[in-house]
Each structure stands twice: as structure tokens, then as C-alpha cells.
Amino acid sequence: MGAMDEPVCLYDIPQGDTVTVEKVGGKRIAERLRAMGIVEGKRLRVISKMALGGPQVIMVGNTRITIGQGMAKKILVRP
Amino acid sequence: MKILLMGNPNVGKSALFSRLTGVDVVCSNYPGTTVGYCTGSVFVEGDKAELIDVPGTYSLTATSPAESVAVDFIPDGDVIVNVVDATNLERNLLLTMQLLARGKPTIIALNMADETKHLGITIDSAALSERLGVPVVETVAVTGAGIKELVEKMPAARIVTHNQETDDERWKRIGRIVGEVQTIVHRHHTIWDRLEEATIQPITGLPIAAAVLFITFSVIVHAGNFIIENILDPFFEGVYGPLIRGLVRGAVPEGIARDILIGTSDDFIESFGLLTTGVYVPLDMVLPFVALFYLCLSMLEDSGYLPRLATLMDNLMHKIGLHGTAIVPQMLGLGCNVPGMLATRILETEKQRFISAVLMAMCIPCLAQNALIMGLLAPRGVEWIAVVYGVLLMVYIATGLMLNKAISGESPEILLEIPPYRRPNPMTLLKKTFVRVRYFITDAVPYVMLGVLIVNVLYFSGILDATASVFGPVMSVLFGLPQEAVFALIIGFLRKDVAVGMLAPLALSSAQLAIACTVLALYFPCVATFTVLLKELGLKETLKALAIMMVMTVLVGSSMKLALL
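Quick note, the sequences are listed as chains A and B, same order. In terms of the working numbering, the numbers along the first sequence are unbroken and rise by one, the last being 103. In terms of the working numbering, the numbers along the second sequence are unbroken and rise by one, the last being 604.
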């Protein structure tokens, strides 16, 4: 029980946190994201978050990826 | 034999390509697309083979033009050299699996094998080779390590047969393979890591970006001026000028022909001679800045800074219907609008390309134009330079906001890999800069000379005066400029830098000069940019773009007249 166990979207994760990818939504977007290594079960860290609805920079493996707000909202993650 | 060099973006594929090939490299666009690729030759067991640097792709699912091109290349290839980034083994192996499924002889270059060490990664390449069923050669493209072995092992490239797999199954298999062949020792963050991250955190990143851009442009301006004052001006004033004037005066009798060649004034800008102004403007006033600009831009590109700048600027660019990636063509446009326009192709939608092209054509003066604007306005005081660029910046933002609201269509989001910082390779830097500078010399210089020639022909035939008396009153009513300023607007279609130069002998006040420079930037693109605009946008969109430019010119020019005169 409790909010911690519910998957939340990547966009809501604060800078510095590491999370596990639960689900990548949106068929076309999912294909692009998965090819870049953002796959269910992967651990990723939010290394930067721009202010005012700007993009996030995440670290997956040794790759840094800048990802826009809309796409970040389609990625569900767990702590 | 055709060898395809394939891999993810940012894996050092192009560096490997230039290590493998000799001097006979040809780069072109893939037929029917705007995606560029390069071919060269490599000797395998004494036989000459064609090596193709296929555009980088994350997968063979073809979700972008570059990826479709990559897929199209595969049937023609005899051997595939799959370049894999050793520091990102897991992600890279998806493409590897998809390539192996195509049933072509394949060999893997495990590149950046040196960078794994300080990341605490160890990869057992023999085990990887065994698990994948194809040869794996460790390479370091930057230093050339492993290149010879890669060429020697190319004939050993093998076809592997697998059952059909879905990508999900592939990811599972990749997970198992990586677990077996790769060991990672956990490593603490070094000072370098923190510095690296500081450049993409908003609080530290934005001031750093401002500093980087400020330093870059200071270097360009100061080094450019230093070269001009100490090398080029002494040469042109002391050697070239007297020499060419002497030669022409000796060979050509006084009259129109002589005036076209060297003009009547000994001042390089005011003379408007084909061999004086026509040579001095591009080679003395502009070339040093162009060369330095492209050198600095290539450095920002190759060091990996530009994707970070794109990330930081994304939010602002979003407000004007673009996204962070659009910063790259806009910066290129600052050198010359033509490559800048061509680079807008990296943007995903028509809306983005239109906004990007219009804003660039109006508000981003090319380096040649900037050099002349600075040259003319600097003696009048920095505040006048600030007026011109301040107005252009305001028009940029205002037009962008308006277009974003007015044009329907999607503005997709940024999705961009940020490669680690790398020290740019001096040879690659020089090569890149040279190619871009060569384009300026072969394409821009003839246009400048043509522009000067046409000014002369129009002047001596009386057409210029006739046009001035017709359109002149419009100039003074709208912009508060003398009739003769019409000439500059006409010539501005050919070359904007020449046009700005034409303002020099008009005895304008500082405010008039500032208005004229702004109007010249806004009103219409130069012919080279116009041609590309037409090609990229099509006739209908180009007409729309031109209408926006004209309206903005009249609005902005007349407001400036009211405010300044």
C-alpha cells in the first residue's frame, strides 16, 4: 500500500533520483525511446531538470539523454 | 566489394571511417533524401574495397529519414562492420542483433575501448565474439589502435543464422550476454563528472553557456581584428592597393572601364571597383571572421557542447515553436544563412522548418554582413551596434511568438543523446573548417564581385538614379533615409555585405545608419539564401515568408524612424 508503490511518470521525478522503468507508453515514441536504451526494467537517473516545463536529462547506462516533457510524461517509473 | 560501416550515433563511427580510408573520400546526399553519407576506399587483402559511412541509427525500425537510409543501404553491402560503443554495450547491441538478423557477413569493431577503463567497465571481447558468433575487434578510433587488426580480420566476417526474434526477445538475450561478458566496478564520482554535470544543470549551465558564447565571440572578433589590422590591412593598403591601381592605371585608359575596375577613390570600400572593393570586402573584411567562426563552431561541435546548449535552450525555443535542437542551424546561419537553412532539415515538422527559416533569414545576419555592420557602426559608438542587434533580437522573439500561435501543426519535443565531452581532434577540426571556408571562397567571393560589377553597370547606365527617383521618396517617408539608400536595398538582394558597404559613402547620421543596417537585414534574403529558401519551403511557403519579411520591415523600419529620428 501507499503512493510509493504506484508507478509515477518520469516527469514527476526530482533531479538526482534513480528509478526503474515500468512502462514506456505511446507506440511510436516507445519505439524511439527503447532503441535508445529506455526499456522496461532499466534503471535510470534524472541528472538534470530544466525549470518551467523544460526537458529532463537522464542517465541510462552510460548514455545521457535529453527528453522533452511530453515524452517524460509517457514513461512510467517506480522508485 | 562494398563494406558498410554501421552503428549508433555518437559511437566514433566517422572517426573510424577517416582512420580506415585514404584521401579519396566523397560525401553526398542519399538520392531523394536530405541525409548525407560518405564513401571512401580501403584495401582488404590487397584488394580495393568501397567503404560507406552509413548514417548513424539506433535501430533498423526506421523512425526517421536517417534511419530509413541506413536500412536502404543494407541489401547493397557485402560486409557490415558494426561499430559498437564499448561504454554503452547494452544499448548498442540492439542494432547489432538487428543487423545480424539480416544475414550479411558481419564483424564488430568494439570502439572506444580505452574509455571503458576509467568508467570501471571491463568487456571480455573474446567471450562477446563467441556469444554473438562473429569476430570482435577492440578499436580506439581517436588514436588508431586496433584499426590494422580490424582491416586484417574483415575477411573473417561471418553470417550467423538465428531464429526470428522480436525486439523484446532481443533485449532479453542482450541482457544475458551483457551480464556474462561485461563487469562493472562501481566508481565514485570524480571532480570531472561534477564539472560535466554542471554544464547541464539549469542553475550552473546557463551562466556557463553565456560565458562559452561570450568567450567564443570575443575570440572571433578580437582574433579577427588582430589578423586584419596586423596582416591583411597592411598587405592590402601597402602592397595590393598600390600594385593593382598602378597596373590598371598603366593598362586601362581613364574612363568607365577603369572606374569599374578600381573606382575613383583610394578608399577600399568607397571606390566600389571590381578589383578593389570586390576583392577587399570578402578577403580582408570577412574571410578572417568566417574562418575563425567555423573553427570555433567545429570545436563546439566536436567537443560535444552543442547538445548541451540545445538542452539548456530548449525551453526558450519551445516558446517560439521550435525546440532545443533548432539552436544548431541558427548558429550555423550566423556564419552563412545557406548552410544554416540546409541544416533546418534536422527539424521534424514543416512548422518548425518554416519558423526556423523565416527567423534566420530575417534576424540572423550572416558573418559577412555582421563584419560590415560592425565595421561601419563601431566608429559611431557601441550603442548603435546595440540598437541594431537589440531590434533584431526583439523582432526574432516577437515574430517567433506570433508564428508559433498563427501556424497550426505540431511542435515535437526534444529527444537527444548527449555524448560525453571529448577533446576535438586537431586534424578533423582543420579539415572541417577548411571545407566550410572553401565553400565561402568559391561561392561567396564570385557573388561579391558580381554585385560590385552590377552596381557599376547600373550606376553608369543611369538606371540606379532612375530607380532612386522613383523609390527614393518611399525610403525617406518610411525610414527617413536618403534616396540613394534604395541602391543598397537593390544590391542587398545580391550580397548583403556589399549593400552595407554601399551605405558608407552616403554620409548618413548614426541613427540613419542603424535604421539602414536593420532594414537591410530584415527586408529580403540575399539571392543565395533565397534560392535555398525556395528549394526547402516551396513557392507558396516562400511567398508567405517574404510577405512576413516585408511587413515586418515596414513596421520595424518606420517605428525606428519615429523613435530615433
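Note that CB positions come from ideal geometry on N, CA and C, so glycine has one too.
CB contact flag (residue i, residue j, <9 Å)
i	j	result
N150(B)	G61(A)	no
V595(B)	T568(B)	no
Y76(B)	P94(B)	yes
L55(B)	T178(B)	yes
L331(B)	I412(B)	no
V571(B)	N376(B)	yes
T383(B)	E580(B)	no
G289(B)	G302(B)	no
L415(B)	G540(B)	yes
K600(B)	F518(B)	yes
D41(A)	P103(A)	yes
R130(B)	N47(B)	yes
L59(B)	D115(B)	no
I147(B)	V110(B)	no
A349(B)	L234(B)	no
P521(B)	G511(B)	yes
V83(B)	V190(B)	yes
V525(B)	M514(B)	yes
T467(B)	D341(B)	yes
Cβ neighbour criterion (16 or more within 10 Å) applied to residue i
i	result
Q143(B)	The question names Gln, but residue 143(B) in the sequence shown is Lys. Result: buried.
L90(B)	buried
A555(B)	buried
M433(B)	exposed
E268(B)	exposed
P327(B)	buried
V367(B)	buried
Q203(B)	exposed
I91(A)	buried
M25(A)	Because M25(A) sits at a pLDDT of 42, beneath the cut-off of 50, its placement in the model cannot be relied upon, and the point is left open.
A425(B)	exposed
L386(B)	buried
K444(B)	exposed
P321(B)	buried
V491(B)	buried
E452(B)	buried
Assigned secondary structure, residue i (DSSP; H/G/I helix, E/B strand, else coil)
i	result
A555(B)	helix
K156(B)	helix
C405(B)	coil
M25(A)	Legend: pLDDT at M25(A) = 42, less than 50; position of this residue unreliable, value from coordinates given subsequently. Coil, per DSSP.
F311(B)	coil
Y3(B)	Outside the shown range of chain B (40 to 604) lies residue 3(B), about which nothing can therefore be said.
C335(B)	helix
R462(B)	coil
V43(A)	strand
V199(B)	coil
N269(B)	helix
N121(B)	strand
E55(A)	helix
V377(B)	helix
N150(B)	strand
V181(B)	coil
Residue span of the alpha helix (DSSP H) that contains residue i, given as start and end
i	result
T570(B)	566 to 576
E191(B)	186 to 192
A445(B)	421 to 445
N354(B)	344 to 358
L371(B)	366 to 374
I283(B)	280 to 290
D536(B)	535 to 541
N131(B)	128 to 139
Boundaries (first-last residue) of the beta strand (DSSP E) holding residue i
i	result
S515(B)	No beta strand (DSSP E) contains S515(B), which is instead part of the alpha helix (DSSP H) from 502 to 518.
M83(A)	80 to 84
G46(B)	41 to 46
L68(A)	67 to 73
E177(B)	175 to 177
D92(B)	86 to 92
I223(B)	221 to 223
* Asked: Is the stretch 83 to 101 of chain A in contact with the stretch 68 to 75 of chain A, if contact means three or more CB pairs nearer than 8 Å?
  -> With a cut-off of 8 Å on Cβ pairs, the stretch 83 to 101 of chain A is in contact with the stretch 68 to 75 of chain A, counting three or more such pairs.
* Any 3 or more C-beta pairs closer than 8 Å across the stretch 328 to 337 of chain B and the stretch 370 to 389 of chain B -> Three or more pairs of CB atoms, one per stretch, sit closer than 8 Å, so the stretch 328 to 337 of chain B contacts the stretch 370 to 389 of chain B.
* With 8 Å as the C-beta to C-beta threshold (strictly closer), list the residues of the stretch 75 to 90 of chain A near chain D in chain order. => Considering every chain present, this structure includes no chain D. Its protein chains are A and B.
* Asked: For the 8 Å Cβ check, are there 3 or more pairs between the stretch 227 to 239 of chain B and the stretch 132 to 140 of chain B?
  -> Taking 8 Å as the limit for Cβ pairs, the verdict is that the stretch 132 to 140 of chain B does not touch the stretch 227 to 239 of chain B.
* Asked: If you pair each beta-carbon of the stretch 384 to 402 of chain B with each one of the stretch 248 to 263 of chain B, do three or more pairs fall below 8 Å?
  -> Result no; under three Cβ-Cβ pairs closer than 8 Å.
* Segment contact, 8 Å Cβ cut-off, at least three pairs: the stretch 358 to 365 of chain B with the stretch 420 to 427 of chain B -> With a cut-off of 8 Å on Cβ pairs, the stretch 358 to 365 of chain B is not in contact with the stretch 420 to 427 of chain B, counting fewer than three such pairs.
* Are there three or more Cβ pairs, one per stretch, closer than 8 Å when the stretch 504 to 511 of chain B is compared with the stretch 540 to 555 of chain B? -> Short answer: they don't touch.
* Cβ contact (3+ pairs, closer than 8 Å) linking the stretch 316 to 324 of chain B and the stretch 480 to 496 of chain B -> Flag = yes, the stretch 316 to 324 of chain B and the stretch 480 to 496 of chain B touch.
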